[in-house]
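Colleague: In full-length UniProt numbering, the protein residues as written are 1 to 362.
A virtual CB, placed ideally from N, CA and C, is assigned to each residue, including glycine.
One structure coming up, written as structure tokens, with questions to follow.
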């Protein structure tokens with residue numbers, strides 16, 4: 001009976017970047033929950049630990065590793081439509097693609113040197129060409145390509161597949177891994193800008209409009225047409241939502257084994273968060289966060305000092321729960337992530353961690 005119930009609620013999830021840092025944790029979590037998972041990446045190679053070991057979960061018969069390019073719909077459209085033998089159509093998507101620093105910094109002979117060069121590029125230092133157009137620099141992936149266009153390409157292709165199929169309820173989820181705005185001005189502001197552009201684009205792509213309504217002449221909201229109904233009302237009625245868009249916004253993420261260098265900054269920021277939320281902070285004339293925000297006008301960095309880092313397994317649990325909560329859509333911030341992952345918070349706190357799309361601002 002339990003197995004039958006699990007089968008009836010299981011998804012076929014497409015994880016874009018499922019072999020990456022966070023993507024591998026999400027893939028592992030979904031497989032452990034009984035879902036069928038297809039991970040796509042350019043190489044199609046399965047996840048390996050830093051020591052080169054392939055963990056047991058990555059060999060699950062419910063998990064497939066496929067080579068596909070998020071920017072090339074023809075490379076994965078058949079997966080979305082369920083045209084591969086023995087695999088149903090995709091009923092959930094998680095897009096984990098994104099870069100914190102622009103350019104080919106990971107490919108440098110020295111990772112520290114590459115990171116420094118990427119940071120200087122974001123600050124406008126280091127001989128960059130001021131006449132170079134947006135998204136065209138650097139000899140490596142750009143923010144526009146990785147943080148925005150990849151997710152929108154996959155979503156647009158899925159939208160076409162879903163809009164040509166019979167309407168399904170509940171709505172399938174598209175989960176986009178976005179970010180809290182905590183790294184400016186250390187990191188180029190285009191990092192967070194492209195994340196927010198992707199969120200907005202996904203919201204728009206989640207709806208389809210009948211062609212005849214979309215091509216109707218414009219009129220004012222209060223203007224009645226021939227049958228007495230307002231045109232805007234008819235446009236709304238002609239629109240159909242085909243998926244629910246969810247933006248997961250973690251802050252700093254860490255894992256002591258798959259990314260050991262993330263542990264120390266996470267521990268320091270966790271301590272900073274604890275100090276700022278303690279009674280001691282209320283007794284001080286000023287805290288580092290208040291100085292950054294009030295005196296220097298650096299609200300993002302101030303928030304960095306007061307926001308809890310998240311283990312990637314916590315984010316993965318939240319993503320899994322978001323997929324299964326039929327009514328959930330919109331923005332899920334750090335507090336919402338904790339609540340979805342099962343931390344001791346009330347349902348009201350889950351709601352407070354979710355902003356309406358129309359109200360979400362950078």
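Can you give the Cα-Cα distance for residue 146 and residue 198, rounded to whole angstroms?
Modeller: Rounded to whole angstroms, residue 146 to residue 198 spans 10 angstroms at the Cα level.
Colleague: When DSSP builds the beta bridges, which residues end up paired with residue 63?
Modeller: DSSP output for residue 63 lists 37 as bridge partner(s).
Colleague: Determine the burial state of residue 52: buried for a count of at least 16 other Cβ atoms within 10 Å of its Cβ, exposed for fewer.
Modeller: With fewer than 16 other Cβ atoms within 10 Å, it is exposed.
Colleague: Mapping the DSSP letters down to three states, classify residue 17 as helix, strand or coil.
Modeller: Three-state result, residue 17: coil.
Colleague: Report all residues from its chain with a CB closer than 6 angstroms to the CB of residue 262; omit the five preceding and five following residues, and keep chain order.
Modeller: Closer than 6 angstroms at Cβ, skipping near neighbours: 254.
Colleague: Using CA atoms only, rank isn't needed, just tell me which of 90, 70, 73, 34 is closest to residue 242.
Modeller: Ranking 90, 70, 73, 34 by Cα distance to residue 242 puts 90 first.
Colleague: Determine contact between the segment 315-335 and the segment 270-278, defined as no fewer than three beta-carbon pairs at a distance below 8 angstroms.
Modeller: In short, these stretches do not touch, since the Cβ pair count stays below three.
Colleague: From this set, 43, 153, 161, 48, which residue's C-alpha is nearest residue 83's C-alpha?
Modeller: It is 161 whose Cα lies nearest to the Cα of residue 83.
Colleague: Per DSSP, residue 254 forms a beta bridge with which residues?
Modeller: DSSP output for residue 254 lists 311 as bridge partner(s).
Colleague: Within a Cβ cutoff of 6 angstroms, which residues of the same chain sit near residue 214, ignoring the five residues on either side of it in sequence?
Modeller: Reliability of the predicted coordinates at residue 214 is poor, the pLDDT of 40 falling under 50, and the value obtained from them is presented with this limitation in mind. Same-chain partners within the cutoff: there are none.
Colleague: Which value, in whole angstroms, describes the spacing of the CA atoms of residue 275 and residue 293?
Modeller: Taking the straight line from one Cα to the other gives about 17 angstroms.
Colleague: Give every residue of the same chain whose Cβ lies closer than 7 angstroms to the Cβ of residue 256, excluding the five residues on either side of it in the sequence, and list them in chain order.
Modeller: The answer, listed in chain order, is 263.
Colleague: Looking at chain B, is there any beta carbon in it that lies within less than 8 angstroms of the beta carbon of residue 15?
Modeller: Going by chain labels, chain B is absent from the structure shown, which holds only one protein chain.
Colleague: Below 8 angstroms, can you find three or more Cβ-Cβ pairs linking the segment 193-208 to the segment 274-290?
Modeller: No: fewer than three Cβ pairs fall under 8 angstroms.
Colleague: Would you identify the three-state DSSP class for residue 249, choosing helix, strand or coil?
Modeller: In this structure, residue 249 counts as coil in the three-state DSSP scheme.
Colleague: Quick one: what's residue 176 bridged to in DSSP?
Modeller: BP columns for residue 176 point to 95, 247.
Colleague: I'd like to know whether the C-beta atoms of residue 36 and residue 87 end up nearer to each other than 8 angstroms.
Modeller: Closer than 8 angstroms, so yes.
Colleague: Enumerated in chain order, which unbroken segments of the alpha helix (DSSP H) with a length of 4 residues or greater are wholly contained in the segment 259-323?
Modeller: Whole alpha helix (DSSP H) segments, 4+ residues: 263-276, 279-283, 299-306.
Colleague: Taking only three categories from DSSP, how would you classify residue 27?
Modeller: Residue 27 falls in the helix class under three-state DSSP.
Colleague: Quick check: residue 300 and residue 174, are their CB atoms within less than 8 angstroms of each other?
Modeller: No, they are not a contact pair.
Colleague: Going by alpha carbons, who is nearest to residue 151 out of 142, 171, 201, 287?
Modeller: Residue 151 has its Cα closest to that of 201, out of 142, 171, 201, 287.
Colleague: So for residue 332, helix, strand or coil by DSSP?
Modeller: Reduced to three states, the DSSP call for residue 332 is strand.
Colleague: Identify, in the order they occur along the chain, each residue of the same chain with its Cβ nearer than 8 angstroms to the Cβ of residue 79, setting aside the five sequence neighbours on each side.
Modeller: 14, 38, 40, 66, 68, 87, 90.
Colleague: Using the Cα positions of residue 334 and residue 307, report the straight-line distance between them to the nearest angstrom.
Modeller: One C-alpha to the other measures close to 8 angstroms.
Colleague: Would you mind sorting residue 295 into buried or exposed? The rule is 16 or more other CB atoms within 10 Å of its CB.
Modeller: When all chains shown are included, residue 295 counts as exposed.
Colleague: If I follow the unbroken alpha helix (DSSP H) through residue 157, where does it start and stop?
Modeller: Here the alpha helix (DSSP H) through residue 157 covers 150-163.
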